[in-house]
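Working notes for the structure below.
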Amino acid sequence: MKIIFLDIDGVLNHTLWFQSEERKLISPENSRAIWFDPKSVALLNELTDATKAYIVISSSWREGYPLEELVAILESQGVTGEIIDQTPSFTFKQITPVPYLVPRGCEIQAWLEQHREELADRLANAKYVILDDQSDMLLCQQRNFLKVDPWCGLTPTIIEKAKTLLW
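According to my numbering, the sequence shown holds residues 1 to 167 in order.
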């Protein structure tokens with residue numbers, strides 16, 4: 001099983017997209033489209049098509065939408081890869097209102113542990129890639145982590161590196 005842990009902000013949308021003329025031309029009725037750069041979506045689709053990897057949402061967007069709705073949003077914006085799950089969300093909301101004190105890498109590791117059987121009990125050799133603009137991954141995940149620049153989002157270079165990790 002090949003998995004792409006997908007962040008959205010900074011990966012499928014980014015500063016250059018928000019400043020682009022193309023985005024400014026989007027109709028207000030299609031409000032969700034303003035959040036997704038079609039070029040970044042196309043690059044993600046290239047990755048899933050080439051590797052047959054499944055997508056697991058690790059983005060903070062999972063906090064605002066149930067998985068089914070998030071899948072529908074991504075599909076409506078052109079994502080073609082199969083979205084199979086989302087990572088658990090660990091926060092210290094009981095202690096403080098700041099929601100992201102737990103590193104995202106812990107949430108990804110928890111998902112990997114919960115799905116050990118499907119990954120053939122070989123977590124150390126699991127075929128997965130983390131696409132994120134934040135660096136809060138665990139040391140054991142560093143070889144699978146590709147830091148995406150939130151200025152430009154997904155790039156062909158990142159996609160080629162991801163393909164290499166997933167093959």
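Glycine included, every Cβ here is placed at the ideal spot set by N, Cα and C.
{"Asked": "Alpha-carbon to alpha-carbon, V148 and V129", "Found": "12 Å"}
{"Asked": "Inter-stretch contact (C-beta, 8 Å, three-pair minimum) for the stretch 101-115 and the stretch 26-36", "Found": "no"}
{"Asked": "Every unbroken beta strand (DSSP E) inside the stretch 37-110 [3 residues or more]", "Found": "54-57, 83-86"}
{"Asked": "Continuous beta strand (DSSP E) stretch holding I158: start and end", "Found": "Where I158 is concerned, there is no enclosing beta strand (DSSP E), although the alpha helix (DSSP H) it sits in stretches over 156-166."}
{"Asked": "Coarse secondary structure for L119, derived from DSSP in three states", "Found": "coil"}
{"Asked": "Nearest-angstrom beta carbon gap, Q109 and L138 [assumed within contact, 8 Å]", "Found": "6 Å"}
{"Asked": "Where S27 falls, given that 16 or more other Cβ within 10 Å makes a residue buried", "Found": "exposed"}
{"Asked": "F5 burial status per 10 Å Cβ neighbour count (16 or more: buried)", "Found": "buried"}
{"Asked": "Exposure of T157, with buried meaning 16 or more beta-carbon neighbours within 10 Å", "Found": "exposed"}
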